[in-house]
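Inspection log for the structure reproduced underneath, given as structure tokens.
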Amino acid sequence: KKIHDIIDYEKGETLNVIQGDYEITIVASQKYLEKIMHFLEGEKILNKETDLVSMTLNLTKEFSYTPGVLSSFTRKLAWEHINILENISTMTELIFIICEKDAMRAYTALQELIKEQESDE
Numbered sequence: 804k805k806i807h808d809i810i811d812y813e814k815g816e817t818l819n820v821i822q823g824d825y826e827i828t829i830v831a832s833q834k835y836l837e838k839i840m841h842f843l844e845g846e847k848i849l850n851k852e853t854d855l856v857s858m859t860l861n862l863t864k865e866f867s868y869t870p871g872v873l874s875s876f877t878r879k880l881a882w883e884h885i886n887i888l889e890n891i892s893t894m895t896e897l898i899f900i901i902c903e904k905d906a907m908r909a910y911t912a913l914q915e916l917i918k919e920q921e922s923d924e
């Protein structure tokens with residue numbers, strides 16, 4: 804069985820598996836924690852975080868070709884003292900994994916930044 808088989812994609816659930824050179828990060832809904840831990844039995848677990856949220860920004864394709872876009876979002880969150888535990892991106896999605904306690908402040912900060920950028924155009 805593969806780890807992807809654990810997730811119910813038909814219900815809109817997500818699973819992110821990020822493979823580095825020396826380790827793998829798995830991001831999934833907390834409700835799958837027990838199943839994932841069972842799947843990883845015998846593997847060396849470096850860290851396990853809970854009470855996290857995923858904030859997804861849907862962007863245009865041009866975002867990938869615009870210098871400084873990622874840094875403007877991360878800088879705004881840093882100014883608000885919001886730690887980004889993981890950053891995941893595709894061509895048109897930018898996902899930040901942050902602590903649940905910071906979710907509302909992060910949403911407000913990112914919304915402010917987007918409004919500022921729209922008014923500058």
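The sequence shown lines up with residues 804 to 924 when you count with our numbering. Each residue gets a CB set at the ideal place from its N, CA and C atoms; glycine is no exception. Only a predicted model underlies this, so the values are computations on that prediction, with no experimental measurement involved.
Endpoints, the beta strand (DSSP E) within which F899 is located: E896 to C902
Reference T768, options I901, T895, V856 and D824, closest by Cα: The structure shown does not extend to residue 768, since the chain is modelled only from 804 to 924, so the question has no answer here.
Residue range of the unbroken alpha helix (DSSP H) whose run includes E915: A906 to D923
Roughly how many whole angstroms lie between the Cα atoms of T911 and F899? 14 Å
Within 9 Å, strictly: CB atoms of L916 and K864: no
Cβ contact check for the region 831–839 and the region 867–875: 3 or more pairs under 8 Å: no
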